[in-house]
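Participant: The structure's right below; bear with me while I get my questions together.
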């Protein structure tokens with residue numbers, strides 16, 4: 001076993017996290033662990049299976065299952081007001097279809113922080129996996145992946161939360177407040193910049209009771225792009241190591257359902273970290 005005493009930051013991106021899943025599978029195969037993990041949205045979900053040390057589980061869920069209409073699709077709106085099947089993903093799958101190893105997950109020595117966005121304040125919260133509570137753990141992952149307009153908020157301890165990516169898609173500043181360096185897994189090509197938010201009028205109307213949340217939603221692209229600029233700067237200074245897709249031809253979308261495309265992206269993640277493992281070793285020294 002090899003433990004890197006540096007944080008690993010996992011960006012979300014829906015099914016683009018098949019790439020991240022491939023990277024984490026390589027870590028499992030080679031006994032590689034990290035002292036801290038910050039997971040956002042789908043990045044938090046793939047981190048959970050990695051921390052539970054369940055080889056192959058991330059591939060089954062992020063490559064094999066998306067073609068199932070219970071995973072994502074319009075029909076889910078009629079059942080639970082969500083494009084993604086939240087009950088399927090965070091209840092049926094972990095408890096029955098592909099059982100999640102809660103015991104191993106709770107025993108991990110890695111400090112695992114899941115990023116969520118408060119509906120009330122619009123601010124990010126970094127909730128550590130310190131409770132040995134199965135239901136809370138799954139609801140926390142669901143909250144981090146609950147996309148505004150596509151899913152309802154998730155209630156945790158009396159408060160409502162949405163996708164962590166709304167307020168802090170790549171929590172590198174949070175990580176570098178506590179650590180000298182960090183490893184970041186992105187799910188988009190380097191050089192990507194987010195366009196301004198669409199549906200601004202509808203967002204203002206839909207979340208009119210939560211003005212702070214609206215402000216964060218409307219400034220999301222600016223915040224995301226400034227974070228990417230910050231990452232570029234930190235990379236030049238040797239503070240971060242970035243692992244990201246490099247081949248535009250194999251990129252997938254957030255809601256990709258084709259198994260062949262997802263498997264190619266998953267395998268690409270595995271291969272790219274295999275090629276860059278020496279970079280990771282040097283960076284961790």
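Residue numbers (our numbering): 1 to 285.
The beta carbon of each residue, even a glycine, is placed where N, CA and C say it ideally should be.
If you're wondering where the values come from, they're calculated on a predicted model, not measured in any experiment.
Would you list the residues sitting across from residue 240 in a DSSP beta bridge?
Facilitator: Translated into the one-based positions of the chain shown, residue 240 becomes position 240. In the DSSP output, where bridge partners are listed per residue, residue 240 has 182.
Participant: Nearest-angstrom Cα distance between residue 175 and residue 23?
Facilitator: To locate residue 175, count along the chain shown from 1; it is residue 175. To locate residue 23, count along the chain shown from 1; it is residue 23. Whole-angstrom Cα-Cα distance: 20 angstroms.
Participant: Do residue 170 and residue 224 have their CB atoms nearer than 9 angstroms?
Facilitator: Along the chain shown, one-based indexing puts residue 170 at 170. Along the chain shown, one-based indexing puts residue 224 at 224. Contact: yes.
Participant: Taking the alpha-carbon positions, what's the residue 65 to residue 84 distance?
Facilitator: Here residue 65 refers to the residue found at position 65 of the chain shown. Here residue 84 refers to the residue found at position 84 of the chain shown. Roughly 12 angstroms separates the two Cα atoms.
Participant: Can you tell which of 70, 96, 93, 126 has its C-alpha closest to the C-alpha of residue 41?
Facilitator: Counting from one through the chain shown, the residue named residue 41 turns up at place 41. For residue 41, the nearest C-alpha among the options comes from 126.
Participant: Checking the sheet assignment: what are the DSSP bridge partners for residue 7?
Facilitator: In the chain shown, residue 7 corresponds to position 7, counting from 1. Beta-bridge pairing links residue 7 to 36.
Participant: Tell me the residue span of the alpha helix (DSSP H) that contains residue 46.
Facilitator: As a first step, residue 46 must be located in the chain shown, where it is residue number 46. Element bounds for residue 46: 42-51.
Participant: Taking only three categories from DSSP, how would you classify residue 117?
Facilitator: Start at 1 with the first residue of the chain shown, and residue 117 comes out as number 117. In this structure, residue 117 counts as strand in the three-state DSSP scheme.
Participant: I want to see whether chain B comes within less than 9 angstroms of residue 116, judged by CB atoms only; does it?
Facilitator: Of the protein chains in this structure there is only one, and it is not chain B.
Participant: What is the residue span of the beta strand (DSSP E) that residue 287 lies within?
Facilitator: The shown model of the chain, from 1 to 285, leaves out residue 287, and the question about it has no answer.
Participant: Within the continuous beta strand (DSSP E) that includes residue 105, where are the two ends?
Facilitator: The residue you call residue 105 lines up with position 105 of the chain shown. Looking at the DSSP string, residue 105 is not in any beta strand (DSSP E); the run it does join, the alpha helix (DSSP H), is 102-107.
Participant: If contacts are defined as beta-carbon pairs under 8 angstroms, then residue 117 and residue 162 qualify, I think. What distance do you get, rounded to the angstrom?
Facilitator: One-based indexing of the chain shown puts residue 117 at position 117. One-based indexing of the chain shown puts residue 162 at position 162. About 5 angstroms separates the two Cβ atoms, so the contact holds.
Participant: Looking at C-beta atoms only, is the number of pairs between the stretch 211-224 and the stretch 106-125 that lie closer than 8 angstroms three or more?
Facilitator: Output reads yes: the stretch 106-125 touches the stretch 211-224.
Participant: What residue does the beta strand (DSSP E) around residue 170 start on, and which one ends it?
Facilitator: As a position in the chain shown, residue 170 is number 170, starting the count at 1. Counting along the chain, residue 170 falls outside any beta strand (DSSP E), and DSSP gives it neither H nor E.
Participant: Can you check which of these residues, 11, 15, 8, 2, is closest to residue 266 by C-alpha distance?
Facilitator: Here residue 266 refers to the residue found at position 266 of the chain shown. Residue 15 is the option with its Cα nearest to residue 266.
Participant: Residue 275 to residue 56, Cα distance in whole Å?
Facilitator: Translated into the one-based positions of the chain shown, residue 275 becomes position 275. Translated into the one-based positions of the chain shown, residue 56 becomes position 56. Near 20 angstroms, if we compare the C-alpha coordinates of residue 56 and residue 275.
Participant: Helix, strand or coil for residue 207? Go by DSSP, reduced to three states.
Facilitator: Taking the first residue of the chain shown as position 1, residue 207 is located at position 207. The answer is coil: DSSP assigns residue 207 none of H, G, I, E or B.
Participant: Can you name, in chain order, every residue of its own chain whose Cβ lies under 8 angstroms from the Cβ of residue 63, other than the five neighbours on each side?
Facilitator: In the chain shown, counting from the first residue as 1, residue 63 sits at position 63. Closer than 8 angstroms at the Cβ level, and outside the excluded window around residue 63, lie 18, 21, 259, 262, 263, 266.
Participant: For residue 75, count neighbouring C-beta atoms within 10 Å of its own C-beta (all shown protein chains included) and say buried if the count is 16 or more, exposed if not.
Facilitator: Numbered from 1 along the chain shown, position 75 holds the residue referred to as residue 75. That one is exposed.
Participant: I'd like the list of long-range same chain contacts for residue 284, defined as Cβ closer than 7 angstroms, with 5 residues on each side in sequence excluded.
Facilitator: Looking up residue 284 in the chain shown gives position 284. Within the same chain, residue 284 has close Cβ partners 4, 6.
Participant: Which whole-angstrom value is the C-beta distance of residue 112 and residue 37, which I expect to be below 8 angstroms?
Facilitator: Locating residue 112 in the chain shown gives position 112, where the first residue counts as 1. Locating residue 37 in the chain shown gives position 37, where the first residue counts as 1. Right, their Cβ atoms sit about 5 angstroms apart.
Participant: Got a sec? Which residues, its chain only, sit under 8 angstroms from residue 72 by beta carbon, not counting five neighbours each side?
Facilitator: Working through the chain shown from its first residue, we reach residue 72 at position 72. Within the same chain, residue 72 has close Cβ partners 66, 83, 84, 85, 255, 257.
Participant: For residue 283, report the span of its alpha helix (DSSP H) as first-last.
Facilitator: Locating residue 283 in the chain shown gives position 283, where the first residue counts as 1. Taken as a continuous stretch (DSSP letters only), the alpha helix (DSSP H) holding residue 283 covers 259-284.
Participant: Where does residue 112 fall in DSSP's three states?
Facilitator: Counted from its first residue, the chain shown places residue 112 at position 112. Note: residue 112 maps to strand in three-state DSSP.
Participant: Do the stretch 100-108 and the stretch 126-137 make contact, defined as three or more Cβ pairs closer than 8 angstroms?
Facilitator: The stretch 100-108 is in contact with the stretch 126-137.
Participant: Which residues bound the beta strand (DSSP E) around residue 160?
Facilitator: Start at 1 with the first residue of the chain shown, and residue 160 comes out as number 160. Its beta strand (DSSP E) spans residues 159-163.
Participant: Pull up the DSSP beta-bridge partners for residue 126, would you.
Facilitator: As a working mapping, residue 126 is identified with position 126 in the chain shown. In DSSP, residue 126 forms a bridge with 115.
Participant: Answer yes if the stretch 240-252 comes into contact with the stretch 139-150, meaning at least three C-beta pairs across the two stretches below 8 angstroms, and no otherwise.
Facilitator: No: fewer than three Cβ pairs fall under 8 angstroms.
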